[in-house]
Every structure is written in structure tokens, then in C-alpha cells.
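Below is one structure, written out as C-alpha cells, with a few remarks after it.
Protein chains: 2
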Amino acid sequence: MTLRTPYLMFIGDAPDQLAAKTADGVAFWRPEACLGQLRLPGCNADLRLPDMTIEEASAAGVKTVIVGTTNRGGVLGEGWEPLLVKALELGMDLASGLHHRLADIPVLRDTASRCGRQIADVRHPTREFHVGSGVKRPGKRLLTVGTDCSIGKMFTALAIEKEMRGRGIKADFRATGQTGILIAGDGVSIDAVVSDFVSGAVEWLCPANDPDHWDVIEGQGSLFHASYAGVTLGLIHGAQPDALVMCHEPTRAHMRGLPGYKLPDLKLCIERNVEAAQLTNPAVRCVGLSINTSGLDAGAARDYLRQTEDRLGLPCIDPVRSGVGAIVDKLAV
Amino acid sequence: MTLRTPYLMFIGDAPDQLAAKTADGVAFWRPEACLGQLRLPGCNADLRLPDMTIEEASAAGVKTVIVGTTNRGGVLGEGWEPLLVKALELGMDLASGLHHRLADIPVLRDTASRCGRQIADVRHPTREFHVGSGVKRPGKRLLTVGTDCSIGKMFTALAIEKEMRGRGIKADFRATGQTGILIAGDGVSIDAVVSDFVSGAVEWLCPANDPDHWDVIEGQGSLFHASYAGVTLGLIHGAQPDALVMCHEPTRAHMRGLPGYKLPDLKLCIERNVEAAQLTNPAVRCVGLSINTSGLDAGAARDYLRQTEDRLGLPCIDPVRSGVGAIVDKLAV
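Keeping their order, the protein sequence lines are chains A and B.
Each step along the first sequence adds one to the number in my numbering, with nothing skipped, and position 297 is 518.
Each step along the second sequence adds one to the number in my numbering, with nothing skipped, and position 142 is 363.
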């Protein structure tokens, strides 16, 4: 599965910007690939892209319509289906990050088949994977890990890929979640893989490469998240990371979706992630922390970053406020 | 899915006893449920059960034919299909621990449907699970963990269930793999669950119970196995164990299937498992070690158990040679 660009971002009747966060992520990281947005009545999200109809998108050269929002109930919102059928008939592919497969909707499946078009339900792996081999492979790998879910692991990995490429370092972002896959145009939604094959799927995702090439792998979940830690551990072992970047959000009151669970201590969390990663790469080290300080004012953010850096002895950055340069510096050492 | 007893054990043309190990396990732990075995020409395994034809099994009151061997290639061995069709036609169900689903074989699926019979492909979960909630639930739970795969976790759990029941303690074995499911008649093949739902599936498998009831949960994999550690961690978190029993085989040269990986130090392995389990049950403790000493002579086995017990300060037994009484004693403390 490789998505054809450029894209039209379909955000339906997203009630707010958060409901369109998948589309938002794609528009932020792939502005050159996003020609326009399609919004329906009631949509309160705005990607700041030109509004287009399906017909205008086709005329503009769009190759794939991305369903980049969740709907308010059911598989598709009202009136979405005819628009998506039209897109297929005009020669465009569909890609979706929804839980429910577009390809399970008979009219979409049949139309795609009739028109020779592709439907990419990126949450659902389309191939089989082997069990992880644990065999070391050439190339360097960086994995973002976190104290919790939804804490900046994808954003940080993309920012590091961009910084590396800007410095002429060979680097590829490797996507493990639906938004990341829509951004990269490829990847594996790792939490949808049968548990036996998680580390094998990650080995497939970031295969042997040049000795000076970096795979920058999007982390998932957290070793301290009671629902998803197994996914995280399989991802760590399959990635065989040389470098870990710990992501954190300092104002979060409890683990996402688990009111009874506090966030782990940062130092302990780093230790446990390094210990886990040592199984498949004894040389692994944590090279820095990426902090989402959006909940703090500028002064508090600066203080937090400086104090955490002093306490842990590692570069501590906010990828939005300060960029990830200090972490990439550390990789050259 | 609950399997109807009694069983006929179908072991086809198993070339040796190891190829029939699933059937062997069921015959060992459920002798009262196993009325007979069906062997084909070339079979070198023997469950020491009366040999029966499909017709004799039906006449004897068998309710389920268990496919308890792997075949030498392909989905089913030569000549198996007509026998299994006959079993369905005579009113018996089928259950299988094979990777490939019997229910995917058209003639078996159609015959079962026509005759109103059940095909249980126990490696494949038949229901959907929720994401793990991490919410503590009443009842006590013991989980067997291990330094490696295939090291005695199922056997130890079954032995502990038997010992507990013999002492009048309320206890239920909870199966997480295909042989365990065929023995218990129910369970979840946890390594076949989509990774996002592993801990939730385990929460479902050992739900809230009486405060003095023990679920004795079959472990899978190992936190130190590069292929499967994620499965193990999700299982640990979903189980919320009060007690862990560490299983080990002292003569194994390397991790199963991973020639480059040594077995972990026992003390470190216990520490890491306890640390992992503390996330969802801070009161967890390791209550003993279950050692498979079949590779040692009687004297060496005795020495190993005594030395390990002295070194780690925990009961250290071989479930076959010495029974699990010393571990169950520890649970009462």
C-alpha cells in the first residue's frame, strides 16, 4: 500500500478542529501534497486549504481523497457515500483512518473494483507478517517512546526526520499509526496487528539499510499504559533502536483513558524503556526528551525544560517551541 | 465456545510423540474426557487410549473429535477430510489446534452447517474484545511466567489448579493457548488476538470473582523473548496477578527459536516480571519457581532445586518430580 499524491482532505461535518486531527496532521506535515479540503455543512474544522468539490479536486489533479475525520456515529456520515463514489468514478483513490473499513461498504468496494481504483483503510494491515527474528540488521534506528499515549511521539519523529534531512543525514520516518501512515504514504498500523506478529511487523517496517541511514520510527502507547504496554514492548523489540527519545506532557493529570493511573516518573520511565530495548540492542541509549509544553506559558515552559535537562542530564526540548536540533546534535556524538 | 465432552483424540499420522503433544496434553490432564484415539497408518505416537474408528467413537458417546496433531504439510493430511466429514455427519463436533482453520475448508464448513454441528478452531478467537481497562477486580489471580517459551507454564498452572482443588480451595485454570483451551474446554488463544486488545481479552478471561477464588492463568512467551515479549506483557497487565510463578528449564542453551539469545538470569527475570506486574497490581509477589528438570538426573535435579531455593529464597519445585504443594503452601501465608 503506497498512497498516490496529491490529496484532497475530506473532513465532512467535523464538529471541531480536534475531530479533524488526522487531516490536520497530514496538512501540517505534507502541505505540498494537500491541494484542498472538502467540508460539509456543519463542519467547524478548517485546515486552511482551498475548499474544493470532488469535481474541482479531480480537475486540479488530486489522486487520493483522504477521509481525515471521525464521523458522529455509524460508519460514514450522511451524504458522504455519494461523494466518495463520485471520487472513485472520477479516477481518484480513497484512503481512510476510520476504524470501520471503507472497503467493507459494498457500494464503495464495488465502485472501486469497477473503476480499478484503490481503497486504503490504513488502520488495517493488508499483508501477513512473520514472527520477529531478533536478528540485528544494518542501519541506525531511532524510536520515540512516551510516558503516555497521544503525547507527541509522531510529531517528534517527523520533526527529527525533517531536521536530519535538513542536515543532509539520510533519514526516513516510519509510520506505525493511521495519521503517520497518511503522512508518510506507507506504514503499518501496529496496534491492529495480531499480537504474535508485532515485533516481526516492525522488523519488516524498518528493514536493513545503509550503515549511516536513520529510520525514525513513530512510537505507540507507553510501557506504563495498562491497556497498550504490550504493543509498545513489541514495537521496541522489533525496532532494535539505537536511540530512544522520551516524549512527555507535564500537565497531564492521569494516563489517557485510565483515571486511576498516574503518569510514571520520567527517570524511571527512561530506565525501563532502555532496559526493555537492551534485549534486542544492548547499545541503545536515550538521547533526549521531547516535551509538549503547550499547557504551559512561555516562562514556565522554559523553566521546565531547563530543570528537566539539569535533572536528567539529557537534551530536553519542545519540538514546536525550540525544535529538535539539540537531540539530533546528540546523535552525531 | 465451550467444547462438549467426551473426546476422541485424532492424531493422524503423527511421525513421533512430539507431533502429537497437543493431544498428549489433553489426554494427560483430562483422562476422564478422552474415550479413545484415532491413528492412521504411519502414526508413531500413542496416547495409550483405546484405538477407535469414527463410527466406534460415535457409538461410545464421543461428542467432540479433537484434531490433536500437526500434519506434515498442507492444511489436512491425506485421507483426513472424509473422516472428519463422517464425524460431523454422525453428530460429533470438531475442535482443532491447527494454525489453519478447519472452518475454512468448504466441505467441513458446509457439512457442519448442514448437520448443525460446531467447529472450534481454538487458535482463532471468535469474539471481539475491549481495550483493557486496568480497573482492579475482586478475586485472586496467579499467573505462570517464564524465562522462555515452551518451558512448563501450562503444566504448572494445571498442576496448581489441581493441588488447590485437592485442598478445597476454589480455583479455575484459565487457558491462553490452544492446548490449554482443549484441556479446559474454553479460553482465549492470546497470541492470536489483535495487539490492541490483548490485556482486555485477559481481563475478560479472568473476570471478577469471589474474594477467596483463585484464577490460575496460563502464561505465554517471556518478557525476555524478542519475538513474543509484547504478548507476555499484555497478558501480565490484563491478569493483574497477585502471585507469579516463574517457570524455567535449566539445561536450555538459548531462547527458543533465537540462537543468538541466551536465557535471562533467574533473579533478574523475576525482578522484571514483578516490576511489570506492579503496574496493574502493586501487591504482586513471586511465590515460587517451577523448574522442568527432565534434562537432569535425579541427584542433579535435587541439587539444582535446593541451590536455587537457597539462592532466591523462594520455594523451588519440579511439578512432575516434587509436585507444586510447596508453592500452594506459600499462597496461604
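Don't be surprised by glycine CBs; every beta carbon is placed ideally from N, CA and C.
Whole-angstrom C-beta distance between residue j and residue i, which should lie under 8 Å
| i | j | result |
| --- | --- | --- |
| D314 (chain B) | K284 (chain B) | 6 Å |
| F394 (chain A) | V352 (chain A) | About 25 Å separates the two Cβ atoms, so there is no contact after all. |
| S371 (chain B) | G355 (chain A) | About 16 Å; that fails the 8 Å criterion. |
| L465 (chain B) | V508 (chain B) | 7 Å |
| G257 (chain B) | A240 (chain B) | Incorrect: roughly 19 Å between the Cβ atoms, too far for contact. |
| H469 (chain B) | L510 (chain B) | 6 Å |
| I404 (chain A) | V247 (chain A) | 5 Å |
| S223 (chain B) | G408 (chain B) | Per the sequence shown, residue 223 (chain B) should be read as Thr rather than Ser. Not quite, the Cβ-Cβ distance comes to about 10 Å (not below 8 Å), so this is no contact. |
| M385 (chain A) | V549 (chain A) | 6 Å |
| M467 (chain B) | C490 (chain B) | 7 Å |
Burial state of residue i, where buried means 16 or more other Cβ atoms lie within 10 Å
| i | result |
| --- | --- |
| K374 (chain B) | buried |
| D539 (chain B) | buried |
| S416 (chain A) | buried |
| T332 (chain B) | buried |
| T347 (chain B) | exposed |
| T472 (chain A) | exposed |
| H320 (chain B) | exposed |
| P485 (chain A) | buried |
| P536 (chain B) | buried |
| S279 (chain A) | buried |
| D328 (chain B) | Per the sequence shown, residue 328 (chain B) should be read as Val rather than Asp. Result: exposed. |
| D234 (chain A) | buried |
| R388 (chain B) | exposed |
| F249 (chain B) | exposed |
| D245 (chain B) | buried |
| R335 (chain A) | exposed |
| D412 (chain A) | buried |
| R269 (chain A) | exposed |
| F492 (chain B) | Here the sequence assigns Glu to residue 492 (chain B), which means Phe is not the residue at that position. Label assigned to E492 (chain B): exposed. |
| G367 (chain A) | buried |
| A522 (chain A) | buried |
| A519 (chain B) | exposed |
| A266 (chain A) | buried |
| A553 (chain A) | exposed |
Beta-carbon contacts of residue i that lie in its chain and below 8 Å, excluding the five residues immediately before and after
| i | result |
| --- | --- |
| Q399 (chain B) | T243, G318, V343, R344 and S410 |
| P462 (chain A) | R362, L363, L364, I438, A498, N502 and V505 |
| L454 (chain A) | L444 and A497 |
| S543 (chain B) | L526 |
| L479 (chain B) | H446, A447 and S448 |
| G300 (chain A) | L261 |
| H434 (chain B) | G360, K361, K391, A392 and D393 |
| V414 (chain B) | P346, F350 and A422 |
Own chain, CB closer than 7 Å to residue i, minus 5 neighbours either side, in chain order
| i | result |
| --- | --- |
| A308 (chain A) | I275, V286 and L315 |
| P359 (chain B) | A429, N430 and P432 |
| G442 (chain A) | C370, Y449, A450, V452 and T453 |
| A378 (chain A) | T365, F394, V437, I438 and E439 |
| K488 (chain B) | L533 |
| L500 (chain A) | H458 |
| R251 (chain A) | I404 |
| I402 (chain B) | V343, A396, G408 and S410 |
| C264 (chain B) | I232, G233, D234 and A235 |
Contacting residues, own chain, Cβ-Cβ under 6 Å from residue i (five flanking each side not counted)
| i | result |
| --- | --- |
| A380 (chain B) | P540 and V545 |
| F231 (chain A) | L259, V286 and V288 |
| I340 (chain A) | L315, L323, A324 and A333 |
| E436 (chain B) | Going by the sequence as given, residue 436 (chain B) is Asp instead of Glu. If we look at D436 (chain B) and ignore the five residues flanking it on each side, its Cβ neighbours are R362, D393, R395 and C427. |
| I457 (chain A) | A497 and A498 |
| Y228 (chain B) | A254, C255, T285 and I287 |
| G516 (chain A) | T472 |
| G421 (chain B) | F350, H351, V352 and G353 |
| A547 (chain B) | P536 and I538 |
Distance cut-off 8 Å: residue i Cβ against heavy atoms of the ligand SAH
| i | result |
| --- | --- |
| T377 (chain A) | Because no ligand of any kind appears in the structure shown, any question about the ligand SAH cannot be addressed here. |
Under 9 Å, CB to CB, which of the residues in the segment 409 to 421 of chain A have a partner in chain B? I411, D412, A413, V414, V415, S416, D417, F418, V419, S420 and G421
At a CB distance below 7 Å, what residues from the segment 482 to 502 of chain A approach chain B? Give them in sequence order. Y482, L500 and T501
Every unbroken alpha helix (DSSP H) inside the segment 233 to 259 of chain B [4 residues or more]: 242 to 250
Would you list, in sequence order, the uninterrupted alpha helix (DSSP H) runs of no fewer than 4 residues that lie entirely inside the segment 435 to 485 of chain B? 450 to 460
Contact set between the segment 275 to 294 of chain B and chain A, restricted to residues whose Cβ is under 7 Å from the partner: none
My parser needs the beta strand (DSSP E) runs of 3 or more residues fully inside the segment 282 to 355 of chain A; what are they? 285 to 288, 314 to 317 and 340 to 342
With 9 Å as the limit, tell me which residues of the segment 303 to 325 of chain A have their beta carbon closer than that to any beta carbon of chain B; keep them in chain order. none
Could you please tell me which residues of the segment 362 to 379 of chain A, in chain order, have their CB closer than 9 Å to any CB of chain B? none
Residues within the segment 446 to 468 of chain A neighbouring chain B, beta-carbon criterion of under 8 Å: A447, S448, Y449, A450, G451, V452, T453, L454, G455, L456 and H458
Whole beta strand (DSSP E) elements within the segment 499 to 550 of chain B, 3-residue minimum: 506 to 512
Can you check the segment 363 to 390 of chain B for any beta strand (DSSP E) of at least 3 residues that lies completely inside it and give the ranges in chain order? none
Interface positions of the segment 324 to 356 of chain B facing chain A (Cβ-Cβ less than 8 Å), listed along the chain: V352, G353, S354, G355 and V356
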